[in-house]
Amino acid sequence: MYKIRVMKKDRHNLSKSKLVADIPLACSDELAAVEFFEKQRWGSNPCCVKCGSVEVYKMADAKTGERNGRYLWRCRDCKEQYTVRIGTGYEESRLPLKHWVYAFWRGCTSKKGVSALEISRHCQISYKSALFLMNRIRFAMAPDLPTAAPLAGIVEVDETYVGGKPRYKGYNKRGRGTKKTPVFAAVERGGSIRRHVVADVTGKTLKAAIRRVVDPRARIMTDENNAYNGIAKEFAGGHDSVHHTAKEYARGDVNTNTAESSFAIVKRGIIGTYHNVSREYLHRYLWQFDFVWNSRKLNDGERTVLAVKSAEDKRLTYKAAPNHA
Ligand SMILES: [Zn+2]
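Take any residue in the sequence shown, note its place counting from 1, add 976, and you have its number in our numbering.
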């Protein structure tokens, strides 16, 4: 649960049901959206983005006395004027914040994912703008691998092919000679999942993928694919496999059912929602599917807030990250 620890700390400040009720309003009303982001960013202690002073106030419109149309704040100490967007990933976007809330909300609450085309239609914004939103949001959902806890206990490992149409129909079940992309999954039973695109499905590649995300004390479970042969000696819990070809789907607690059903969700989403995703971009969609899976114990509002906070944490790394565009 790579980000959930952050949530637990904040959870006491949130009224769960209120959060779920607030977000849909923030999707349709710009002031509510601005206040939603202000609350996530500053809580009940707004401060100056330039000097950090708490001597700040919301600017009001001289005629009406209502909140300034640009939602400006002003600092009494350094005299700076700013909005909640300054210093965040929303700064370089001119889109109303209500569209950002909507895209976060949909991205966090649909199991099969949400397409940029849908966001474009619902918010009546250009496809290009919607894609910009969704790419930022998916990046916010990406696991922070260097700090993420490795998968432990019983870890199911499996690989599959996603997307594309086989070039030679029925030619090769494993996908050789097709446009399909190999995807690896490791899932801690009862815990988190890591799915990512791999270059191929050789033993060398798959074993390296396991080492990258699994704790050496874990017990590994796979199917009979002999690419996994020899992994037992690297993990204290050993390696068990089920033999699907011999019609064996489980033996005692040995099975890869969780990993397999996790692929089924991805495939349904990729076909049903996105109608296909090229190899080049598949990893972004896997971030989103992993994020929703790994935060499944949170309610929709909490999951949306978690994504919003992750976006804030990652705003500086977006441009440096590979394959983000
Ligand atoms: Zn200031």
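Even glycine gets a Cβ: it sits at the ideal position worked out from N, Cα and C.
Could you give the residue range of the alpha helix (DSSP H) that holds residue i?
i: Ala934; result: Summary: the structure shown does not reach residue 934, with the chain confined to residues 977 through 1301, and so no result is reported for it.
i: Val1077; result: 1073-1085
i: Thr1232; result: Looking at the DSSP string, Thr1232 is not in any alpha helix (DSSP H), and its letter there is neither H nor E.
i: Glu1011; result: 1006-1018
i: Asn1111; result: 1103-1117
i: Cys1099; result: 1092-1099
Please name the residue or residues paired with residue i in a DSSP beta bridge.
i: Ala1162; result: Val1133, Arg1170
i: Gln1057; result: Arg1050
i: Met1197; result: Glu1132, Asp1216
i: Leu1127; result: Val1190
i: Val996; result: Paired residue(s): none; Val996 is not in a bridge.
i: Arg1043; result: Ala1036
i: Val1138; result: Thr1157
Between the Cα of residue i and the Cα atoms of the options, which residue gives the shortest distance?
i: Ala1092; options: Leu1107, Thr1064, Arg1279; result: Leu1107
i: Pro1072; options: Gly1083, Phe1013, Arg1272; result: Phe1013
i: Ile1130; options: Ile1169, Trp1081, Tyr1058; result: Ile1169
i: Ser1086; options: Phe1265, Asn1270, Lys1285; result: Phe1265
i: Thr1181; options: Val1218, Asp1216, His1251, Asp1134; result: Asp1134
i: Lys1026; options: Tyr1261, Thr1064, Cys1003, Asp1229; result: Thr1064
i: His1219; options: Phe1211, Lys1209, Met1197, Ile1207; result: Met1197
i: Tyr1047; options: Glu1011, Asn1021, Glu1068, Ala1079; result: Glu1011
i: Trp1269; options: Gly1167, Asp1229, Thr1249; result: Gly1167
i: Cys1099; options: Lys1074, Asp1120, Asn1111; result: Lys1074
i: Tyr1058; options: Ser1029, Tyr1078, Thr1040; result: Ser1029
i: Thr1136; options: Asp1120, Ala1124, Lys1155; result: Lys1155
i: Gly1206; options: Lys1273, Arg1187, Val1253, Ala1009; result: Arg1187
i: Glu1256; options: Val1242, Thr1157, Ile1247, Ala1226; result: Thr1157
Taking Cβ to Cβ, would you say residue i is nearer than 8 Å to residue j?
i: Val1138; j: Phe1160; result: no
i: Glu1132; j: Val1163; result: yes
i: Gln1016; j: Val1281; result: yes
i: Gly1089; j: Gly1245; result: yes
i: Arg1050; j: Tyr1033; result: yes
i: Arg1171; j: Ser1237; result: no
i: Gly1277; j: Leu995; result: yes
i: Asp1191; j: Pro1122; result: no
i: Ala1240; j: Gly1083; result: no
i: Trp1076; j: Tyr1066; result: yes
i: Ile1113; j: Ala1287; result: yes
i: Ala1118; j: Trp1263; result: yes
i: Asn1044; j: Asp1053; result: no
i: Lys1285; j: Phe1115; result: no
i: Arg1193; j: Ala1128; result: yes
i: Glu1056; j: Cys1024; result: yes
i: Asn1304; j: Arg1260; result: Residue 1304 lies beyond the residue range present for the chain, which begins at 977 and ends at 1301; the question has no answer from this structure.
With a threshold of 8 Å between beta carbons, is residue i in contact with chain B?
i: Pro1126; result: In the structure shown, chain B cannot be found, because there is only a single protein chain.
Length at least 4, wholly inside the segment 1246-1275: the alpha helix (DSSP H) runs in chain order: 1258-1270
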